[in-house]
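Engineer:
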Amino acid sequence: MQKQIWPITSAIHNGHLHIGGCDTVALAAAHGTPLYVLDEATLRGAMRTYRAAFDATGLAVGIHYASKALLNLALAKIVAQEDLGLDVVSGTELLVAQRAGMPMDRVHMHGNAKSQAELQRALDWGVGAVVVDNLDELAHLAALSAGRPQPQGILLRLAPSIDADTHAHIATGGSGSKFGLSLTALDAAAKHILATPSLRLDGLHAHIGSQIFALEPLRTTLKVLVAAAAYLHTNYQITVRELSPGGGLGVPYTSDQPQPDLGEYATALAQTLRTGCAAHNLPVPRLTIEPGRSIVARAGVALYRVMGRKMHGEGEAVQYLHVDGGMADNLRPALYGARYSAMLANNAAAPAGPPVDVAGRYCEAGDVLLRGASLPPATPGDLLAVATSGAYTLSMASNYNLTPRPALLLVADGQAQVIQRRENETDLLARDA
Ligand SMILES: Cc1ncc(COP(=O)(O)O)c(C=O)c1O
1 MQKQIWPITS AIHNGHLHIG GCDTVALAAA HGTPLYVLDE ATLRGAMRTY RAAFDATGLA
61 VGIHYASKAL LNLALAKIVA QEDLGLDVVS GTELLVAQRA GMPMDRVHMH GNAKSQAELQ
121 RALDWGVGAV VVDNLDELAH LAALSAGRPQ PQGILLRLAP SIDADTHAHI ATGGSGSKFG
181 LSLTALDAAA KHILATPSLR LDGLHAHIGS QIFALEPLRT TLKVLVAAAA YLHTNYQITV
241 RELSPGGGLG VPYTSDQPQP DLGEYATALA QTLRTGCAAH NLPVPRLTIE PGRSIVARAG
301 VALYRVMGRK MHGEGEAVQY LHVDGGMADN LRPALYGARY SAMLANNAAA PAGPPVDVAG
361 RYCEAGDVLL RGASLPPATP GDLLAVATSG AYTLSMASNY NLTPRPALLL VADGQAQVIQ
421 RRENETDLLA RDA
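Numbering-wise (the UniProt record's numbering), the sequence shown opens with residue 1 and increments by one.
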């Protein structure tokens, strides 16, 4: 078992994969498949490692979990308990944060096309900051907030024109990105905010993409933010209180991918901020980071039942294992060729056979969860566990082919708790008139 890829509590007993002290074979029998399992120790451990690494820099640092990676009530409560903040991108994510008791001043409202109702909710509930994406949104927010007694804090999301070495679909900081204000719009934004007493410019934000392993583009992003803060200071006498270079740190999904060091990441950002502020003669603002994947990915394991097999390819040399889930619960392989590691959860200690491809059950030829997976020979009824499945899986899940979305369990100390029940046919038909 690749230790850095599976949850920290993973163990093999009698050939069965155990997570959080629970036998995954028993979990699948009791709750059905596909099934997602979230290991509480790995989840909380990742949050605490982040906190410790950034506390060690001596800076004031806000760690905001990016809820787009995965969100539900139980998870939001854990985020609140662990003293993290939360980034939300929709009115409903904001509702989950509120229901979970997350202090609203620790919530940032993101999004490049927020609706009027979402902005109104963010204002009414007093979120810590609305992260304004473009000049039109600034105008909407200015109109909606007019006359309010307390100014609403905002961050301006900038498009720093930095290309991250990641898949184009998850690169968000390049010059062609749909996200953020171009630097040339900074003057217009600053003038508008200064003329709007109901808004207060608290800071600047950028996020260049996800699954990034090199620290240099993340440092460069922060340098761009510091330079923009200096520009605002010189030209508009605005002193920003917060700079956020976003999230994006990568995680290993396969044995050939590295495990980034959080201490190095924290030190690199802290040094960049201190040096940049000193060079521009600025007070050092609060640093905010927004990790999603690197908090939740490793804690999650997906369990699928093997339904059938087929030989394919040249000379029919490669086997497809058909499983009972796929692109509706995990779109990442079909969307951007994401790679995963897997094991047979009910026969985890057996030696591997020839590499196999794992096909999802959905009606797209591209619904293949894994290519060339190293597994023991499998037969129908076996249980496949896919590692590192906590991030951008269930949060992007659909009901394609009218299938119910899987249940999500939280496991710890031998106990499993359903934190999101499986959908059923009544749920699926509830909207049909
Ligand atoms: C604005 C913003 N912040 C944070 C994140 C979280 O990124 P990651 O999950 O890679 O840490 C994202 C995701 O793409 C994002 O768009």
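We put the CB at the ideal spot given by N, CA and C, even for glycine. Remember, it's a predicted structure, so these values are computed and weren't measured experimentally.
Assuming contact is defined by CB atoms lying nearer than 7 Å, are GLY360 and MET327 in contact in what I supplied?
Structural biologist: Against the sequence shown, residue 360 aligns to sequence position 360. Against the sequence shown, residue 327 aligns to sequence position 327. Cβ distance < 7 Å, so GLY360 and MET327 count as in contact.
Engineer: Measuring only from the beta carbon, is GLY315 closer than 6 Å to any heavy atom that is part of ligand 1?
Structural biologist: Residue numbering aside, residue 315 sits at position 315 when the sequence shown is read from its first letter. It does not: the Cβ of GLY315 is nowhere closer than 6 Å to a heavy atom of ligand 1.
Engineer: Whole angstroms is fine: what's the gap from GLY248's alpha carbon to LEU59's?
Structural biologist: As a working note, residue 248 is residue 248 in the sequence shown. As a working note, residue 59 is residue 59 in the sequence shown. One C-alpha to the other measures close to 20 Å.
Engineer: If you measure between the beta carbons of VAL318 and GLY20, is that distance less than 7 Å?
Structural biologist: Counting from 1 along the sequence shown, the entry for residue 318 is found at position 318. Counting from 1 along the sequence shown, the entry for residue 20 is found at position 20. In this structure, GLY20 does not lie closer than 7 Å to VAL318 by Cβ.
Engineer: Enumerate in chain order the residues of its own chain whose CB-to-CB distance from ASP329 is below 8 Å, with the five nearest sequence positions on each side excluded.
Structural biologist: Here residue 329 is taken as the residue at index 329 of the sequence shown, counted from 1. PRO34, TYR36, ALA302, THR393, LEU394, ALA397, ARG405 and PRO406.
Engineer: Quick one: what's CYS22 bridged to in DSSP?
Structural biologist: As a working note, residue 22 is residue 22 in the sequence shown. According to DSSP, which records beta bridges pairwise, CYS22 is partnered with ILE19.
Engineer: Helix, strand or coil: which one does DSSP assign to GLU118?
Structural biologist: Position 118 of the sequence shown, counted from the start, is the residue given in the question as residue 118. Helix, per DSSP.
Engineer: Using DSSP bridges, identify the partner residues of GLN417.
Structural biologist: For the purposes of this step, residue 417 is taken as residue 417 along the sequence shown, with counting starting at 1. LEU410, per the DSSP bridge assignment.
Engineer: I want to check one thing, is the minimum distance from the CB of GLY246 to the heavy atoms of ligand 1 below 6 Å?
Structural biologist: Numbered from 1 along the sequence shown, position 246 holds the residue referred to as residue 246. Checking the Cβ of GLY246 against ligand 1 gives yes.
Engineer: Is it true that the CB of ASP367 sits closer than 7 Å to the CB of ALA342?
Structural biologist: For the purposes of this step, residue 342 is taken as the residue at position 342 of the sequence shown. For the purposes of this step, residue 367 is taken as the residue at position 367 of the sequence shown. No; because the gap between Cβ atoms is not below 7 Å, this pair is not in contact.
Engineer: So SER294 is in the alpha helix (DSSP H); what residue range does that whole segment cover?
Structural biologist: Taking the first residue of the sequence shown as position 1, residue 294 is located at position 294. Element bounds for SER294: 293 to 296.
Engineer: Give the secondary structure of HIS31 by DSSP, where H, G and I count as helix, E and B as strand, and everything else as coil.
Structural biologist: For this step, residue 31 is matched to residue 31 along the sequence shown. HIS31: helix per DSSP, three-state reduction.
Engineer: Going straight from the alpha carbon of ALA228 to that of GLY147, what length do you get?
Structural biologist: Against the sequence shown, residue 228 aligns to sequence position 228. Against the sequence shown, residue 147 aligns to sequence position 147. Spanning the two alpha carbons is a distance of roughly 29 Å.
Engineer: Could you give the distance in angstroms between the alpha-carbon of ARG48 and the alpha-carbon of GLY292?
Structural biologist: As a position in the sequence shown, residue 48 is number 48, starting the count at 1. As a position in the sequence shown, residue 292 is number 292, starting the count at 1. If you take the alpha carbons of ARG48 and GLY292, they lie about 14 Å apart.
Engineer: Pull the bridge partners of HIS205 from the DSSP assignment, please.
Structural biologist: On the sequence shown, residue 205 is found 205 positions in, with the first residue counted as 1. Paired residue(s): ARG157 and SER244.
Engineer: Suppose you measure from the CA of TYR362 to the CA of ALA66; what does that come to, to the nearest Å?
Structural biologist: Indexing the sequence shown from 1 puts residue 362 at position 362. Indexing the sequence shown from 1 puts residue 66 at position 66. Distance between the alpha carbons of TYR362 and ALA66: 29 Å.
Engineer: Work out the CA separation of ALA433 and GLU425 for me, nearest whole Å.
Structural biologist: Position 425 of the sequence shown, counting from 1, holds the residue named residue 425. Position 433 of the sequence shown, counting from 1, holds the residue named residue 433. Cα-Cα distance, rounded: 15 Å.
Engineer: Heavy atom of ligand 1 less than 6 Å from the Cβ of ARG293, yes or no?
Structural biologist: Taking the sequence shown and counting its residues from 1, the one referred to as residue 293 is at position 293. Yes, the Cβ of ARG293 comes within 6 Å of a heavy atom of ligand 1.
Engineer: Please classify MET1: does DSSP put it in a helix, a strand, or coil?
Structural biologist: Against the sequence shown, residue 1 aligns to sequence position 1. Coil, per DSSP.
Engineer: Check whether the Cβ atoms of LEU86 and VAL61 lie closer than 7 Å to each other.
Structural biologist: Translated into the one-based positions of the sequence shown, residue 86 becomes position 86. Translated into the one-based positions of the sequence shown, residue 61 becomes position 61. For LEU86 and VAL61, no; Cβs fall outside 7 Å.
Engineer: Would LEU429 be called buried (16 or more neighbouring beta carbons within 10 Å of its own) or exposed?
Structural biologist: The sequence position of residue 429 within the sequence shown is 429, counting from 1. Label assigned to LEU429: exposed.
Engineer: Assuming residue 466 contacts ASP382 under a Cβ cut-off of 8 Å, what Cβ separation, rounded to an integer in Å, is found between them?
Structural biologist: No information on residue 466 is available, as it lies outside the stretch 1 to 433 that the chain covers here.
Engineer: Using 7 Å as the limit for Cβ to Cβ distance, is ALA266 near chain D?
Structural biologist: This model lacks chain D altogether; it includes just one protein chain.
Engineer: Cβ atoms of PRO376 and LEU344: under 7 Å apart, would you say?
Structural biologist: Along the sequence shown, read from residue 1 onward, the residue named residue 344 stands at position 344. Along the sequence shown, read from residue 1 onward, the residue named residue 376 stands at position 376. Yes. Within cutoff.
Engineer: For the stretch 120 to 129 against the stretch 270 to 282, do three or more pairs of beta-carbon atoms, one drawn from each stretch, fall closer than 8 Å, so that the two count as touching?
Structural biologist: No, the stretch 120 to 129 is not in contact with the stretch 270 to 282.
Engineer: With a threshold of 6 Å (Cβ to nearest heavy atom), would SER177 be considered close to ligand 3?
Structural biologist: Because ligand 3 does not appear in the structure shown, any question about it cannot be addressed here, the ligands present being ligand 1.
Engineer: So what does ALA11 bridge to, in DSSP terms?
Structural biologist: In the sequence shown, counting from the first residue as 1, residue 11 sits at position 11. DSSP, once it has assigned bridges, lists HIS18 as partnering ALA11.
Engineer: For ARG286, which residues does DSSP report across the bridge?
Structural biologist: For the purposes of this step, residue 286 is taken as the residue at position 286 of the sequence shown. Note: ARG286 sits in a beta bridge opposite GLU242.
Engineer: Given this structure, state the Cα-to-Cα distance separating ALA299 from GLY390, to the nearest angstrom.
Structural biologist: Along the sequence shown, read from residue 1 onward, the residue named residue 299 stands at position 299. Along the sequence shown, read from residue 1 onward, the residue named residue 390 stands at position 390. Taking the straight line from one Cα to the other gives about 6 Å.
Engineer: Kindly indicate which three-state DSSP category SER145 falls into: helix, strand or coil?
Structural biologist: If you number the sequence shown from 1, residue 145 lands on position 145. Three-state result, SER145: helix.
Engineer: For GLY203, is the classification buried or exposed, using 16 other Cβ atoms within 10 angstroms of its Cβ as the cut-off for buried?
Structural biologist: Working through the sequence shown from its first residue, we reach residue 203 at position 203. By the neighbour-count rule (16 or more Cβ atoms within 10 Å), GLY203 is buried.
Engineer: With a threshold of 6 Å on Cβ separation, who are the neighbours of GLU290 within its own chain once the five nearest residues in sequence on each side are excluded?
Structural biologist: Your numbering for residue 290 matches position 290 in the sequence shown. Excluding positions up to five away in sequence, the list reads HIS64, ALA66, ASP87, GLY246 and GLY247.
Engineer: Give the DSSP-derived three-state secondary structure of SER395 in the structure shown.
Structural biologist: Taking the first residue of the sequence shown as 1, we reach residue 395 at position 395. DSSP places SER395 in helix when its eight states are reduced to three.
Engineer: Taking the alpha helix (DSSP H) that ALA79 falls in, what are its first and last residues?
Structural biologist: Residue 79 sits at position 79 when you count from the first residue of the sequence shown. Reading off the sequence shown, one finds Val at residue 79, where the question assumed Ala. It spans 73 to 81 - the alpha helix (DSSP H) in which VAL79 sits, taken as one unbroken run.
Engineer: What does the Cβ neighbour count give for GLU137, buried or exposed, with the cut at 16 atoms within 10 Å?
Structural biologist: Counting from 1 along the sequence shown, the entry for residue 137 is found at position 137. Flag for GLU137 reads buried.
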